[in-house]
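*Asks:* Can you keep this structure in mind? I'll have questions shortly.
Protein chains: 2
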Amino acid sequence: MVQKTRRPLPPAAKADAPAEPKRRGRPRGYEPDVALGRALDLFRKSGFAATSLDDLSAATGMNRPSLYGAFGDKRELYIKSYQRYRDNARAAVEDIFRVQLPLRKRLERIYQVALDIYLSGEEGPKGCFTVLTAASEAVNDPVIRAMVVDALSELDKAFARCFRIGQEKGELPEDADPVVLSQLASATLHTVAIRARAQVPRKELEAIIKGAIGVMCRGGT
Amino acid sequence: MVQKTRRPLPPAAKADAPAEPKRRGRPRGYEPDVALGRALDLFRKSGFAATSLDDLSAATGMNRPSLYGAFGDKRELYIKSYQRYRDNARAAVEDIFRVQLPLRKRLERIYQVALDIYLSGEEGPKGCFTVLTAASEAVNDPVIRAMVVDALSELDKAFARCFRIGQEKGELPEDADPVVLSQLASATLHTVAIRARAQVPRKELEAIIKGAIGVMCRGGT
DNA sequence: TGATTTTTATACTGTTCCGCATAATATAAC
DNA sequence: GTTATATTATGCGGAACAGTATAAAAATCA
Chain Z
-3 MVQKTRRPLP PAAKADAPAE PKRRGRPRGY EPDVALGRAL DLFRKSGFAA
47 TSLDDLSAAT GMNRPSLYGA FGDKRELYIK SYQRYRDNAR AAVEDIFRVQ
97 LPLRKRLERI YQVALDIYLS GEEGPKGCFT VLTAASEAVN DPVIRAMVVD
147 ALSELDKAFA RCFRIGQEKG ELPEDADPVV LSQLASATLH TVAIRARAQV
197 PRKELEAIIK GAIGVMCRGG T
Chain Y
-3 MVQKTRRPLP PAAKADAPAE PKRRGRPRGY EPDVALGRAL DLFRKSGFAA
47 TSLDDLSAAT GMNRPSLYGA FGDKRELYIK SYQRYRDNAR AAVEDIFRVQ
97 LPLRKRLERI YQVALDIYLS GEEGPKGCFT VLTAASEAVN DPVIRAMVVD
147 ALSELDKAFA RCFRIGQEKG ELPEDADPVV LSQLASATLH TVAIRARAQV
197 PRKELEAIIK GAIGVMCRGG T
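Protein chains in written order, with my numbering: chain Z, -3 to 217; chain Y, -3 to 217.
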């Protein structure tokens, strides 16, 4: 590929960026943030092993040495991509907790946001990166496995918080167990993520979610 | 590796094998069935992309040309491995339906068998091959994706059958929806498979299953 | 302008990979 | 024994791969 010399990017007057002092050498031809996003997209599509550095290079617009300098080797890039994914997911969930909502409504919101993530991408739905990582790298890489375990438990806790709040507000029977319900809620998210990868249409996924919420909130208001 | 010439295997007096007529050429040095099982083990551990033909060759004891001759290329071998996996799983489920059992007991049996499959292997638990395949190859390969969809729906149907039988026997409230419950039951299997890959201990998985069964069968006998 | 610094572009290295071509080996049929 | 057939053993070929060495380019600083 004949690659034209790239012009440096404009100073990127970001809202709350600390007005970077002039950097010494040749300016970067890429924005690390968007490059990491592209890498994440690729990894989410095909996983670690099936994604080559050439693919990543093409998608990010960075050549391999730049990739290496900015993010380290392929495994480190994967880990940083996963961290980015989790940060995004966490932020989305926190948003949902920021406002007061009835239990069912809050659950619906969470699943809706999750579906948007799972089904995003023009070349077909990509599912949940945690599930994908659990299914591939988690067995052979202790560091990545620990991240997966952490992500799973974080999700459980978020759902448990939903149910606890709901129970306190009387939206659930007193004998309902928020922990058990939270695991069922996570399970529903996981099954939906898997089915999304198999291109089950959104309508069906929404039906599964609706049914699950019905069972989980049964006996409540 | 210096490989000694292998002696042909004994005629393998299988119970109901059709007493094969004498085969013409040099006898096989392997049994296709056990070789396929070994291949399945490898694929289950690391997935399609991260498993090389050399790995497969070493594990099966077949060299690459023999592998190719017996099963076709890597993708075909993967597909045949997956078919084998599904055949095994299906047989196990059918066994459970052969005897009459109370609903809860039947569910417990299914999950117990599934856990045995998911946690098998000395080098760590391998999870559910359908989940693993959904997470990797299903996006890019329509044939494999169709197999995954089929496996998912087969599981849903098996669970739905459980709940329908239970409902007819009065073990579930009349307004319970077997389809919705079956999807929750599948979801529970999926979340357990994922957590197994992350090496969550069996005790915790069993607790999740117990809680889920409790919710799904709530209001019943 | 010239020196310094940072990033980019190109190309190289050694490895691994998949699939197959070729030849040796072991059996049955004649 | 000899021929035909089926399988195994070895190894080749070309591609893809991950990571890096080297040099060119583009900016600041003096």
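Ideal Cβ placement from N, Cα and C applies to all residues, glycine included.
If you run the structure through DSSP and keep just helix, strand and coil, what is Thr1/Z?
*Replies:* Any reading at Thr1/Z needs caution, since the residue's pLDDT is 39, under 50, leaving its predicted position unreliable; the model's value is listed next. Coil at Thr1/Z, not helix or strand.
*Asks:* Taking the straight line between their C-alpha atoms, what separation do you get for Val89/Y and Ala131/Z?
*Replies:* Each residue's alpha carbon lies about 23 Å from the other.
*Asks:* Along chain Z, which residues have their Cβ under 7 Å away from the Cβ of Ile204/Y?
*Replies:* Under the 7 Å cutoff, chain Z gives Gln179.
*Asks:* Have a look at Gly25/Y, Gln163/Y, Leu128/Y and flag the residue whose alpha-carbon is nearest the alpha-carbon of Met58/Y.
*Replies:* Nearest of Gly25/Y, Gln163/Y, Leu128/Y to Met58/Y, Cα basis: Gly25/Y.
*Asks:* For Met143/Y, which residues of its own chain have a beta-carbon under 7 Å away from its beta-carbon, when the five flanking residues on both sides are left out?
*Replies:* Tyr78.
*Asks:* From Lys10/Z to Lys18/Z, what distance separates their C-alpha atoms?
*Replies:* Legend: pLDDT at Lys10/Z = 39, less than 50; position of this residue unreliable, value from coordinates given subsequently. Approximately 15 Å, taken between the alpha carbons.
*Asks:* According to DSSP, is Ala11/Y part of a helix, a strand, or is it coil?
*Replies:* With a pLDDT of only 39 at Ala11/Y, under 50, the local geometry of the prediction cannot be trusted, and the value read off the model is given with reservation. Ala11/Y: coil per DSSP, three-state reduction.
*Asks:* Would you mind giving the Cβ-Cβ distance between Leu63/Z and Ser48/Z, rounded to the nearest angstrom? I have them listed as a contact below 8 Å.
*Replies:* No, Leu63/Z and Ser48/Z are not in contact; Cβ-Cβ is about 11 Å, not under 8 Å.
*Asks:* Pick from Ile92/Y, Asp50/Y, Lys206/Y: whose alpha carbon is nearest that of Ala154/Y?
*Replies:* Ranking the options by Cα distance to Ala154/Y, first place goes to Ile92/Y.
*Asks:* Given a cut-off of 8 Å on the beta-carbon distance, is the pair Asp146/Y and Ser182/Y in contact?
*Replies:* For Asp146/Y and Ser182/Y, no; Cβs fall outside 8 Å.
*Asks:* Output, in sequence order along the chain, the residues in the region 141 to 153 of chain Y whose CB is closer than 7 Å to any CB in chain Z.
*Replies:* Answer in chain order: Arg141, Val144, Val145, Leu148.
*Asks:* Can you tell which of Arg80/Z, Gly65/Z, Tyr114/Z has the C-alpha that lies nearest to the C-alpha of Cys124/Z?
*Replies:* Of the candidates Arg80/Z, Gly65/Z, Tyr114/Z, the one whose C-alpha sits nearest the C-alpha of Cys124/Z is Tyr114/Z.
*Asks:* Taking only beta-carbon atoms, is Gln195/Z less than 8 Å away from chain Y?
*Replies:* Interface residue, yes.
*Asks:* Whole-angstrom Cβ separation of Ala156/Y and Thr184/Y, contact assumed at under 8 Å?
*Replies:* Not a contact, Cβ separation roughly 14 Å.
*Asks:* Between the region 32 to 43 of chain Y and the region 208 to 217 of chain Z, do at least 3 Cβ pairs fall closer than 8 Å?
*Replies:* No: fewer than three Cβ pairs fall under 8 Å.
*Asks:* What are the boundary residues of the alpha helix (DSSP H) that includes Gln179/Z?
*Replies:* Looking at the DSSP string, the run of the alpha helix (DSSP H) that includes Gln179/Z is 174 to 193.
*Asks:* Can you list the beta strand (DSSP E) stretches of 3 or more residues lying completely in the region 123 to 175 of chain Z, in chain order?
*Replies:* Here no run is fully enclosed.
*Asks:* What are the boundary residues of the alpha helix (DSSP H) that Thr47/Y is part of?
*Replies:* First-last for Thr47/Y: undefined, no H or E at that position.
*Asks:* Three-state secondary structure (DSSP) at Asp84/Y?
*Replies:* Note on identity: in this sequence residue 84/Y is Asn, with Asp being the wrong assignment. It is helical.
*Asks:* Per DSSP, what kind of secondary structure is Ser116/Z in: helix, strand or coil?
*Replies:* Residue state, collapsed to three classes: coil.
*Asks:* Closest to Thr56/Y by CA distance: which of Arg71/Y, Ser42/Y, Gly43/Y, Leu38/Y is it?
*Replies:* Measuring from the Cα of Thr56/Y, the nearest candidate turns out to be Leu38/Y.
*Asks:* If you scan the region 56 to 82 of chain Y from start to end, which runs of the alpha helix (DSSP H) of 4 or more residues do you find wholly inside it?
*Replies:* Taking only runs of at least 4 residues, the alpha helix (DSSP H) segments lying wholly in the region 56 to 82 of chain Y are 60 to 67.
*Asks:* Can you find the residues in the same chain that come closer than 7 Å, C-beta to C-beta, to Ile106/Z, ignoring five residues on each side of it along the sequence?
*Replies:* Once the five neighbours on either side are set aside, the close Cβ partners of Ile106/Z are Val89, Ile92.
*Asks:* Looking at the ligand ADP, does it come within less than 7 Å of Leu111/Y, judged from the CB to the closest heavy atom?
*Replies:* In terms of ligand content, the structure shown is empty, and the ligand ADP therefore cannot be addressed.
*Asks:* Could you name the residues of chain Z that Gly120/Y contacts, counting a contact when the two beta carbons are closer than 9 Å?
*Replies:* Under the 9 Å cutoff, chain Z gives Val135, Asn136.
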